[in-house]
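A.B. asks: Handing you this structure, nothing more for now.
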């Protein structure tokens with residue numbers, strides 16, 4: 001399958017008065033054409049910073065310190081800002097968690113989406129307006145004609161997020177990056193938005209990077225998953241591999257710590273003790289070692305290598321090494337011969 | 001232990017004379033000692049207003065609140081003072097509910113001083129240390145400030161503050177919503193351990209239906225200021241009767257990619273109507289797939305359909 005985006009050994013840091021926060025520490029993955037890739041992780045895992053690095057929207061203090069982001073023939077990391085502007089929002093676009101802070105409260109929603117078209121296309125005013133109405137219909141905003149002249153505050157959170165999606169789709173992007181787009185919404189509204197995204201992806205053939213902390217949303221929407229922790233990718237695989245052939249203790253812990261609506265009650269939730277590492281001074285071994293119930297001496301000493309379990313499944317865990325002991329090792333049976 | 005009858009809370013709308021936000025409109029429930037009652041519903045359903053009215057942060061517009069046999073509905077703040085230790089609250093955002101200029105021992109000792117159990121932080125030290133250890137923090141943490149802690153640790157401080165007076169009832173209002181998934185389970189387990197040890201009664205309020213179902217003995221579902229269904233936690237998933245509950249359950253994503261976990265049908269269309277002018281009759285009728293004429297004219301009453309399962313819907317036989 002053709003890759004639309006290839007990220008190789010990305011390092012991104014924020015330079016603060018306390019020192020260098022190494023938010024992304026050597027992340028590599030690719031996005032295939034037409035797939036929905038889920039990126040899962042908790043706050044501070046580096047998932048949003050990875051997305052912001054692709055878009056070069058790091059803000060003050062943020063800097064890519066190494067690696068490349070290949071989009072077609074170009075490396076976005078070295079592309080001059082002027083040319084980046086043609087890519088950003090048009091060929092790669094983004095939807096964020098909080099639509100209210102991304103919309104201008106003084107301009108009607110229709111005009112805001114139309115501005116996108118004015119910037120990136122040669123459409124006439126009338127053509128652009130027609131396109132906006134078409135986009136509103138696409139994201140199921142009722143009565144597009146009337147809603148065109150509404151201001152953001154007249155919209156509910158769910159409707160505003162639809163406007164943001166319409167804006168992101170305005171120029172037929174090849175890649176859509178959605179960063180927790182449904183986290184601030186109620187579940188019934190989240191359900192509506194996920195259905196819209198799934199339908200649009202199938203109809204338009206876009207490639208989507210979907211960033212979330214919610215494993216349920218990943219299972220509903222994505223075909224492949226990346227699990228991030230402490231600025232690194234700890235596991236990558238298909239939905240089935242991540243959920244039923246889990247090969248990293250952090251993924252395992254995440255899956256066990258959320259109760260399922262259809263699950264048994266009465267049992268105790270298995271929590272992960274402790275909290276994520278401080279990336280001002282990242283651990284020298286595995287970032288999860290300090291919280292891992294299976295950790296051995298090597299785990300806090302040496303960063304675990306990437307172990308390939310199938311063509312699509314990789315994990316970074318010392319327990320998968322041939323030499324790792326079998327006792328207290330949930331992955332003893334999974335260890336590949338070559339590792 | 002806690003009995004709430006026909007609780008009503010309306011808020012005036014600034015600039016619009018006579019207009020009111022119908023935040024809570026006639027909610028009735030009770031909680032037994034040592035029981036956990038969960039309240040779920042989407043934003044604007046009134047669940048947090050119920051919590052804040054029950055502890056009398058808000059004055060109820062109408063209705064009755066009874067705590068351990070005492071009617072506290074119209075007690076003055078002065079009369080409430082000796083009752084306060086019995087009912088405490090844990091808030092959503094530990095960062096904003098802890099005073100950033102106070103050290104941990106000052107924060108946790110504050111209720112002790114307010115209740116005149118002790119006269120100074122120094123005098124309360126032993127009690128503070130004991131409760132901090134119970135929530136998994138050590139005495140080294142006592143002199144630190146809230147910003148030096150992670151979100152999960154801050155919520156532990158909030159829980160220590162709520163529990164130091166040994167309350168009978170604890171209201172947890174979205175107490176874990178701001179926490180990371182892996183930390184949520186730590187806090188939930190902590191709350192459950194305290195319940196086992198001390199027989200605390202919980203009113204657990206959250207929008208996360210799966211978590212509410214996990215921690216609660218019974219679950220109440222709210223929509224636009226009203227309770228629409230109330231039943232055993234097992235029953236709410238196995239046999240939901242109200243169309244809103246059914247839609248809500250269908251909307252919860254399940255962390256399981258197998259085809260058997262997939263649900264085809266869409267959940268609930270449209271947005272929440274305005275609580276300033278809620279729909280006549282059944283408030284859910286504007287989004288309900290089953291709505292008939294009667295739903296627009298007659299307010300459905302909560303009624304027991306057997307085994308303590310209560311539902312307010314004209315379409316349930």
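Protein chains in written order, with UniProt numbering: chain A, 1 to 339; chain B, 1 to 317.
Quick reminder that beta carbons are idealized off the backbone N, C-alpha and C, glycines included.
Keep in mind that this is a model prediction, so the values were computed, not measured.
What span of residues does the alpha helix (DSSP H) with residue 9/A cover, start to end?
C.D. replies: As a working mapping, residue 9/A is identified with position 9 in the first chain. Not the alpha helix (DSSP H): residue 9/A falls in the beta strand (DSSP E), residues 3-16.
A.B. asks: Are residue 222/A and residue 200/A touching if we call contact CB-CB under 8 Å?
C.D. replies: Working through the first chain from its first residue, we reach residue 222/A at position 222. Working through the first chain from its first residue, we reach residue 200/A at position 200. No, the pair does not count as a contact, with Cβ atoms beyond the cut-off.
A.B. asks: If we count the other Cβ atoms within 10 Å of its Cβ and call it buried at 16 or more, is residue 337/A buried or exposed?
C.D. replies: In the first chain, the residue the question calls residue 337/A occupies position 337. It counts as exposed.
A.B. asks: Run down chain A in chain order and give the residues with a C-beta less than 9 Å from the C-beta of residue 58/B.
C.D. replies: Residue mapping note: residue 58/B aligns to position 58 of the second chain, counting from 1. Near residue 58/B there are no residues of chain A at all, since even the closest Cβ is about 23 Å away, more than 9 Å.
A.B. asks: When burial is assigned at 16 or more other CB atoms within 10 Å of the CB, is residue 9/B buried or exposed?
C.D. replies: Working through the second chain from its first residue, we reach residue 9/B at position 9. Result: buried.
A.B. asks: Between which two residues does the beta strand (DSSP E) holding residue 141/A run?
C.D. replies: Sequence index remark: in the first chain, residue 141/A carries index 141 (1-based). Element bounds for residue 141/A: n/a, residue is neither H nor E.
A.B. asks: Keeping to the same chain, check which residues put their C-beta closer than 6 Å to that of residue 189/A; ignore five residues upstream and five downstream.
C.D. replies: Taking the first residue of the first chain as 1, we reach residue 189/A at position 189. Closer than 6 Å at the Cβ level, and outside the excluded window around residue 189/A, lie 158.
A.B. asks: Kindly indicate which residue of 295/A, 333/A, 275/A has the alpha-carbon position closest to the one of residue 249/A.
C.D. replies: Walking along the first chain from the start, residue 249/A turns up at place 249. Residue 249/A has its Cα closest to that of 295/A, out of 295/A, 333/A, 275/A.
A.B. asks: Are the C-beta atoms of residue 336/B and some chain A residue less than 8 Å apart?
C.D. replies: Lying outside 1 to 317, the shown extent of chain B, residue 336/B is not represented and no answer is given.
A.B. asks: Output needed for residue 205/A: all residues of its chain with C-beta closer than 6 Å, excluding positions within five of it in sequence on either side, in chain order.
C.D. replies: Along the first chain, one-based indexing puts residue 205/A at 205. Same-chain partners within the cutoff: 34.
A.B. asks: Taking C-beta pairs closer than 8 Å, name the residues in chain B that residue 190/A reaches, listed in chain order.
C.D. replies: Within the first chain, numbered from 1, the residue matching residue 190/A stands at position 190. Within chain B, the residues near residue 190/A are 251, 253.
A.B. asks: For a contact meaning CB atoms closer than 7 Å, what does residue 188/B contact in chain A?
C.D. replies: In the second chain, residue 188/B corresponds to position 188, counting from 1. In chain order: 269.
A.B. asks: For the ligand FAD, is there a heavy atom less than 7 Å away from the beta-carbon of residue 138/A?
C.D. replies: Of the ligands one can find in the structure shown there are none, so the ligand FAD has no counterpart to examine.
A.B. asks: Quick one: does residue 14/A have its CB under 8 Å from some CB of chain B?
C.D. replies: Position 14 of the first chain, counted from the first residue, corresponds to residue 14/A. Residue 14/A does not count as touching chain B.
A.B. asks: Go through the stretch 220-244 of chain B residue by residue and report every complete run of the alpha helix (DSSP H) that reaches 4 residues or more, in order.
C.D. replies: With a minimum length of 4 residues, the continuous alpha helix (DSSP H) runs that stay inside the stretch 220-244 of chain B are 233-238.
A.B. asks: What does residue 181/B reach in chain A if we use C-beta pairs closer than 7 Å?
C.D. replies: Residue numbering aside, residue 181/B sits at position 181 when the second chain is read from its first letter. Within chain A, the residues near residue 181/B are 42, 213, 254, 257, 258.
A.B. asks: Taking 8 Å as the cut-off, does the stretch 233-244 of chain B touch the stretch 283-290 of chain B (at least 3 CB pairs, one atom from each stretch)?
C.D. replies: Touching, yes.
A.B. asks: By the three-class DSSP mapping on this structure, what secondary structure does residue 139/B have?
C.D. replies: Locating residue 139/B in the second chain gives position 139, counting from the first residue. Here residue 139/B sits in helix by DSSP.
A.B. asks: Please identify, using Cβ separations under 9 Å, the residues of the stretch 285-307 of chain B that lie next to chain A, in order along the chain.
C.D. replies: From the stretch 285-307 of chain B, only 287 have a Cβ closer than 9 Å to chain A.
A.B. asks: Between which two residues does the alpha helix (DSSP H) holding residue 250/A run?
C.D. replies: Along the first chain, one-based indexing puts residue 250/A at 250. Its alpha helix (DSSP H) spans residues 249-257.
A.B. asks: Taking Cβ positions only, does residue 154/A come closer than 8 Å to chain B?
C.D. replies: The sequence position of residue 154/A within the first chain is 154, counting from 1. Chain B, which has no Cβ nearer than 8 Å to the Cβ of residue 154/A, makes this no.
A.B. asks: Buried or exposed, going by whether 16 or more other CB atoms sit within 10 Å of the CB of residue 294/B?
C.D. replies: Position 294 of the second chain, counted from the start, is the residue given in the question as residue 294/B. Residue 294/B is exposed by the Cβ-count criterion.
A.B. asks: I need the DSSP call for residue 3/B, collapsed to helix, strand or coil.
C.D. replies: One-based indexing of the second chain puts residue 3/B at position 3. Note: residue 3/B maps to strand in three-state DSSP.
A.B. asks: Take residue 235/A as the anchor and find which of 323/A, 217/A, 317/A has the nearest alpha-carbon.
C.D. replies: Locating residue 235/A in the first chain gives position 235, counting from the first residue. Among 323/A, 217/A, 317/A, the Cα nearest to that of residue 235/A is on 317/A.
A.B. asks: What does the Cβ neighbour count give for residue 221/B, buried or exposed, with the cut at 16 atoms within 10 Å?
C.D. replies: Sequence index remark: in the second chain, residue 221/B carries index 221 (1-based). Looking at its Cβ environment, which holds 16 or more other Cβ atoms inside 10 Å, residue 221/B is buried.
A.B. asks: In three-state DSSP terms, what is residue 64/B?
C.D. replies: Counting from one through the second chain, the residue named residue 64/B turns up at place 64. Correct three-state label for residue 64/B: strand.
A.B. asks: Three or more C-beta pairs under 8 Å: does that hold for the stretch 321-338 of chain A against the stretch 171-191 of chain B?
C.D. replies: Result no; under three Cβ-Cβ pairs closer than 8 Å.
A.B. asks: Return helix, strand or coil for residue 36/B, following the three-state DSSP convention.
C.D. replies: Sequence index remark: in the second chain, residue 36/B carries index 36 (1-based). If DSSP states are grouped into helix, strand and coil, residue 36/B belongs with the strands.
A.B. asks: Can you tell me where the beta strand (DSSP E) with residue 37/A in it begins and where it stops?
C.D. replies: Taking the first chain and counting its residues from 1, one reaches residue 37/A at position 37. Element bounds for residue 37/A: 36-40.
A.B. asks: When you compare the CB of residue 243/A with every CB in chain B, is at least one pair closer than 8 Å?
C.D. replies: Working through the first chain from its first residue, we reach residue 243/A at position 243. Closer than 8 Å: yes.
A.B. asks: Run down chain A in chain order and give the residues with a C-beta less than 8 Å from the C-beta of residue 137/B.
C.D. replies: Within the second chain, numbered from 1, the residue matching residue 137/B stands at position 137. Here the premise fails: no neighbours, minimum Cβ distance about 13 Å.
A.B. asks: Secondary structure at residue 193/B, three-state DSSP: helix, strand or coil?
C.D. replies: What you label residue 193/B is simply residue 193 of the second chain in a count that begins at 1. Reduced to three states, the DSSP call for residue 193/B is helix.
A.B. asks: Between the beta-carbon of residue 158/B and the beta-carbon of residue 94/B, is there less than 8 Å?
C.D. replies: For the purposes of this step, residue 158/B is taken as the residue at position 158 of the second chain. For the purposes of this step, residue 94/B is taken as the residue at position 94 of the second chain. Yes. Within cutoff.
A.B. asks: So, at 8 Å on beta carbons, what are the nonlocal neighbours of residue 180/B in its own chain, with the 5 sequence-adjacent residues on each side left out?
C.D. replies: Reading the second chain from its first residue, position 180 is the one you call residue 180/B. Cβ within range, chain order: 151, 152.
A.B. asks: Count the other CB atoms within 10 Å of the CB of residue 227/B; is the residue buried (16 or more) or exposed (fewer)?
C.D. replies: Sequence index remark: in the second chain, residue 227/B carries index 227 (1-based). Buried.
A.B. asks: One question on the structure: do residue 163/A and residue 113/A come within less than 8 Å of each other, judged by their Cβ atoms?
C.D. replies: Taking the first chain and counting its residues from 1, one reaches residue 163/A at position 163. Taking the first chain and counting its residues from 1, one reaches residue 113/A at position 113. Yes, the Cβ-Cβ distance between residue 163/A and residue 113/A is below 8 Å.
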